[in-house]
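FYI, the numbering for the sequence shown is 5 to 337, going by full-length UniProt numbering.
Below: the structure, in structure tokens.
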Amino acid sequence: STQIQLAQRPHGWPTHDDFRTVTVEYGDLDAGQVRVVNEFVSVDPYMRGRMIDTRSYIPPFGLDETMTGGAVGRVVESTVEHLPVGTLVSHQFGWRDVVQEDASGFRALPEPPGGASSSVFLGVLGMTGLTAYVGLLDIARMQPGDTVFVSGAAGAVGTAVGQIARLKGAGRVIGSAGSAEKVTVLTERYGYDAAFDYKNAPVRKQLREAAPDGIDVYFDNVGGDHLEAALDSFNDGGRAALCGAIAQYNATSRTPGPSNIANIITRGLTLTGFTIGNHLDRAEAFNADMGTWFANGEVVYDETVVDGIENAVDAFLGLMRGENTGKMVVRIG
Ligand code: NDP
């Protein structure tokens, strides 16, 4: 098995020197174990946070240990009845092409619907989609007619947020992303009413132009200048779901916070942070809604696929630089 380990904790932007590729030979299966050949391995922004040793909602990655995280694969050898050879499974054993562990670490998946590839279970039908659904509907409590602003809108979570907003009756949906191509994708493929490239001009100015009547909901994937702009454009009683702050994940000094934080008070805003692990009870409602939308072709998705576990670090770095549209995944084999 080829596996990627964390060799040292990055300072600022991670580099290849922070990782190491190792080969692990697995022996025969012990009782209770299964062997799985991965089809797709997920790389996610939250992994940057786990690379440093700090108190968080999730413990840091261990040094000289294989990077863990979401993956889907197929059982190729099994000692347990409930996961026979050929079963598609999801697991958290992360950045490796083959994994052999106790069966309790794997969850059986159905075959992907509509001839999709199994990577959908890492994206729109998986934790990514659930994050969008919970953040928008439960945390920001979007109501029909609301004007919704989504940052990181062309990414995995963001593309799902925009579509769920529209399907749940949002009045106007506005997105920001980091290139002209992504802006076009947002309006033409994902049904955004307006979109802008945050690298072109101050977010505050572009958001005001895109939402002349203000915003009611902000789904924050970015933090920093995007959050400040949202605070500026909020109508009274506005609600934000603080999902991520990728603008500061690789910063080496404290990043400035919104200077207009007093708007939270004067406009009676609600900005609520969340981590999806505390909301897994919503998976059933998400699966029902998203399953229907997906089957009816009412949601679309994009993936940026990097081939080979040996390129997982490049996939992760590319994700942080915005080289992905939709979900970034590593394809194995
Ligand atoms: P994405 O697919 O959105 O990939 C990350 C994107 O971030 C890039 O494509 C890039 O797009 C954008 N980006 C990078 N740097 C900046 C910057 N300085 N300013 C603005 N945009 C930037 O990743 P995910 O959909 O997986 O995650 C999106 C966010 O949601 C992240 O912040 C993540 O941490 C968070 N998250 C939180 C969860 C929770 O439980 N709270 C669960 C899952 C994700 P561009 O080209 O537009 O710059």
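Glycine included, every Cβ here is placed at the ideal spot set by N, Cα and C.
Checklist entry - Does the beta-carbon distance from A112 to T91 come in below 8 Å? => result yes
Checklist entry - T163 by DSSP, collapsed to three states: which one? => result helix
Checklist entry - From N328 to S46, what does the alpha carbon distance come to, in whole angstroms? => result 13 Å
Item to check | Cβ-based burial, N42 [other Cβ within 10 Å; buried from 16] | outcome: buried
Next on the checklist: Along the chain, where does the alpha helix (DSSP H) containing R208 start, and where does it finish?
Outcome noted: V207 to A214
Item to check | 6 Å CB neighbourhood of H283 in its chain, flanking five on each side removed | outcome: V138
Item to check | Closest Cα partner of T25 within the set S60, D68 and R59 | outcome: D68
Item to check | Limits of the unbroken alpha helix (DSSP H) element including N291 | outcome: A287 to A299
Item to check | Straight-line gap, L275 to E29 (C-alpha atoms, nearest Å) | outcome: 48 Å
Next on the checklist: Given the structure, does T19 come close to ligand 1, in the sense that its CB is under 7 Å from one of the ligand's heavy atoms?
Outcome noted: no
Item to check | Euclidean distance between Cα positions of G98 and L10 | outcome: 12 Å
Item to check | Secondary structure, alpha helix (DSSP H): runs of 4+ residues fully inside the region 121-181 | outcome: 131-137 and 160-171
Checklist entry - Where DSSP assigns a beta bridge to F278, which residues make up the other side? => result Note: F278 sits in no beta bridge, so no partner.
Next on the checklist: Please identify the residue among D318, A214 and T6 whose C-alpha is closest to the C-alpha of A233.
Outcome noted: A214
Checklist entry - Skipping 5 residues on each side, what residues in its chain have a beta carbon closer than 7 Å to that of P117? => result F298 and A299
Item to check | Rounded C-alpha distance that separates D34 from V103 | outcome: 13 Å
Checklist entry - Excluding five sequence neighbours on each side, which residues of the same chain lie with their C-beta closer than 7 Å to the C-beta of S60? => result G53
Item to check | Closer than 7 Å: S123 CB and nearest ligand 3 heavy atom | outcome: As presented, the structure is devoid of ligand 3, carrying ligand 1 as its sole ligands.
Next on the checklist: What I want to know is whether the C-beta of Y137 ends up closer than 7 Å to one or more non-hydrogen atoms of ligand 1.
Outcome noted: no
Checklist entry - Among residues of its own chain, excluding the 5 on either side of E81, which ones have a beta-carbon nearer than 6 Å to its beta-carbon? => result L33 and R39
Next on the checklist: Could you tell me which whole alpha helix (DSSP H) segments of length 4 or greater appear in the region 200-263?
Outcome noted: 207-214 and 228-237
Checklist entry - Going by the C-beta, is L323 closer than 7 Å to any heavy atom of ligand 1? => result yes
Checklist entry - To the nearest angstrom, how far is it from the Cα of A164 to the Cα of A136? => result 6 Å
Item to check | Under the three-state DSSP convention, the category M332 falls into | outcome: strand
Checklist entry - In terms of DSSP beta bridges, what is H95 paired with? => result A75 and F110
Checklist entry - Can you tell which of A169, D217, Y202 and K203 has its C-alpha closest to the C-alpha of Y194? => result A169
Checklist entry - Cβ of D285 within 7 Å of any heavy atom in ligand 1? => result no
Next on the checklist: Rounding to the nearest angstrom, what Cα-Cα distance links P63 and A292 in this structure?
Outcome noted: 31 Å
Checklist entry - For the alpha helix (DSSP H) that contains L190, what are its first and last residues? => result A184 to E192
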